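Residue 62 in my numbering sits at position 81 of the sequence shown, with consecutive numbering throughout. Comments concern the structure below.
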Amino acid sequence: PTRISHCVVSASCIWFTVSSVLIVCVCLHIQIHTVIIVSVVLRLLVYFFQWATLRIERGAKEKNHPLYKPYSNAIIAKEPTSLEEEIKEIRRSGSNKDLGSTPEFEMSDIFYFARRGVESIMDDEVTKRFSAEELESWNLLTRSNNNFQYISLRLTVLWGLGVLIRYGFLLPLRVTLAFTGVGLLVFLTSLVGLLPNGRMKGFLSEKVHLMCYRICVRALTAIITYHDSENKPKNGGICVANHTSPIDVIILASDGCYAMVGQIHGGLMGVIQRSMVKACPHVWFERSEVKDRHLVAKRLSDHVQDKSKLPILIFPEGTCINNTSVMMFKKGSFEIGATVYPVAIKYDPRFGDAFWNSSKFGMVNYLLRMMSSWAIVCSVWYLPPMSREEGEDAVQFANRVKAAIARQGGLVDLLWDGGLKRAKVKDTFKEEQQKLYSKMLVGTQEDRSRS
């Protein structure tokens, strides 16, 4: 018992010392140059991941077990052709009629819709964006591989060692840092909020927010690479980014201060929001105000017109996507007329999947999964500022910004609404597709009258 108590005390001292050193370094803005160490550790982890995957494949082959193989692109090879081109190709192969004449329905037209229907059932490009992608290599996390089973003693020991490191050392340390960061954020922003408005209050608010967000970043062992910092958002602008997780906020806010936009919540989140707004002019809305688009637009417009206020941080998708694509941007934030600063965020899922599947996991469960992963590795690109061009409406501007973010982050650019995660397709969209199909198959009323 005496030895056990000594071991517990020693472990507690080490844990307290490490967490204290990290907190003090962040508070004093001391940069610990660990680039080489981190690079070596990540390469070592990748080596272990590849070795574990090879062992699983070899073991399955010896036992004649089928392996689940994830598809990185798509199950079906689809040619990027338009509806009109595909139907013409089908008609060309089955009919000798002049393709330039007035469209008429043919039985062969059914093949196009039948094939597209089967493709959508087998490989839907929308709904698969709302679930975590399966990795090609196992990262020693049972939740990230469908093929996990007992293969060999060495592989099991390696996995058990990983569990011991992640849950026995990293998780308690990360939870301590998270509580420290959130506690300091609430306490210090409340103190700063007591000061009169002025330069001193703005200066202290910026330092407090940066310090607390950086402590929270340490709580996730986030390894972030920022690119093109000269394009960082400026005061009076709007920062828009693709949305994968709630931690997108601290990933960006640990490199610069932003004014947050969102609905006022209750509980702990409400306490944090009320303390933050005392020190910085964040834009919070009551539940009854969120549905009033004109009120929201006016509040945002008033904020960006004041060049002394921080840039607004907005995620126009409105929901979390699994970081393989960028879905439709809501046009509201692009109607204000302010300069838009696009930001692309790309996570490396090998060390920890940052995607939040809100329909499957609650916030606490999700954060525990993040803190029990190996690390959160991501890259952030600050793109050049963009403004609305002459003759361009808000929807076109939003699509242009979205395309730039998708191109920089290596993501798939989709026109679908992320709201389809919880809602059905609108009838108006179905009617538009039906009109398009009808026009292609039988032509417009003018075409039929001429014939």
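A virtual CB, placed ideally from N, CA and C, is assigned to each residue, including glycine. Only a predicted model underlies this, so the values are computations on that prediction, with no experimental measurement involved.
Could you tell me the distance, in whole angstroms, from the CA atom of residue i to the CA atom of residue j?
i    : j    : result
L364 : A356 : 25 Å
F92  : N380 : 32 Å
G318 : R147 : 47 Å
Q12  : Q415 : Reliability of the predicted coordinates at Q12 is poor, the pLDDT of 49 falling under 50, and no value is obtained from them.
F168 : I253 : 9 Å
D79  : K420 : A caution first: D79 carries a pLDDT of 48, below 50, which makes its placement in the model too unreliable to give a value.
S360 : A240 : 22 Å
Y434 : A203 : The structure shown does not extend to residue 434, since the chain is modelled only from -18 to 432, so the question has no answer here.
C197 : V156 : 9 Å
V163 : Y418 : 54 Å
L176 : K182 : 6 Å
K215 : I293 : 10 Å
K341 : A335 : 14 Å
L134 : Y322 : 52 Å
G313 : D408 : 22 Å
A159 : F30  : 28 Å
A404 : V27  : 39 Å
F378 : L139 : 50 Å
K383 : W265 : 25 Å
I102 : V173 : 55 Å
L152 : G343 : 18 Å
I251 : K279 : In the sequence on display, residue 251 carries Gly and not Ile. Near 23 Å, if we compare the C-alpha coordinates of K279 and G251.
T34  : G391 : 25 Å
S186 : I231 : 16 Å
F481 : R350 : Residue 481 falls outside the range modelled here, since the chain spans only -18 to 432, and no answer is possible.
V437 : L191 : Nothing about residue 437 can be reported from this structure: the residues present for the chain run from -18 to 432 only.
E373 : N178 : 39 Å
G400 : D394 : 16 Å
G143 : H246 : 37 Å
A375 : R24  : 44 Å
G141 : L348 : 22 Å
Y52  : K109 : For Y52, the pLDDT reaches just 47, beneath the cut-off of 50, and the residue's location in the model is therefore unreliable, although a value from the coordinates is still provided. Going from the Cα of Y52 to the Cα of K109 covers about 11 Å.
T206 : V358 : 8 Å
R255 : P330 : 34 Å
Q244 : R195 : 24 Å
R369 : S282 : 15 Å
L249 : V277 : 24 Å
Using a threshold of 7 Å, is the CB atom of residue i nearer than that to any non-hydrogen atom of the ligand COA?
i    : result
I102 : The ligand COA is not part of this structure, which contains no ligands at all.
Can you tell me which residues form a DSSP beta bridge with residue i?
i    : result
H208 : W362
F266 : Q244
Y328 : C359
L294 : C220 and M241
V321 : I219 and M367
V393 : S306
A203 : I357
Should residue i go down as buried or exposed, given a rule of 16 or more other Cβ atoms within 10 Å for buried?
i    : result
K311 : buried
M309 : buried
E298 : buried
N303 : buried
S210 : exposed
S306 : buried
F315 : buried
V221 : buried
F332 : buried
V324 : buried
S289 : exposed
T161 : buried
K411 : exposed
V406 : exposed
H275 : exposed
L291 : buried
L145 : exposed
E413 : exposed
At the 8 Å Cβ level, is residue i part of the contact set with chain C, yes or no?
i    : result
M367 : Included in the structure is just one protein chain, with no chain C present.
To the nearest whole angstrom, what separates the beta carbons of residue i and residue j, a pair I think is in contact under 8 Å?
i    : j    : result
H208 : W362 : 5 Å
M352 : A200 : 7 Å
S112 : N346 : Between N346 and S112 the Cβ distance is about 16 Å, and since that is not below 8 Å, they are no contact.
D229 : F296 : 7 Å
G218 : T320 : 4 Å
W397 : V107 : 5 Å
S354 : L136 : With a Cβ gap of about 19 Å, S354 and L136 do not count as contacting.
C193 : L165 : 5 Å
Is it the case that the stretch 385 to 398 contacts the stretch 231 to 251, given that we only count it when at least three CB pairs across the two stretches are under 8 Å? No, they do not touch.
Assess contact between the stretch 259 to 266 and the stretch 167 to 182, defined as three or more Cβ pairs (one per stretch) separated by less than 8 Å. Is contact present? Contact between the stretch 259 to 266 and the stretch 167 to 182 is present, with at least three C-beta pairs closer than 8 Å.
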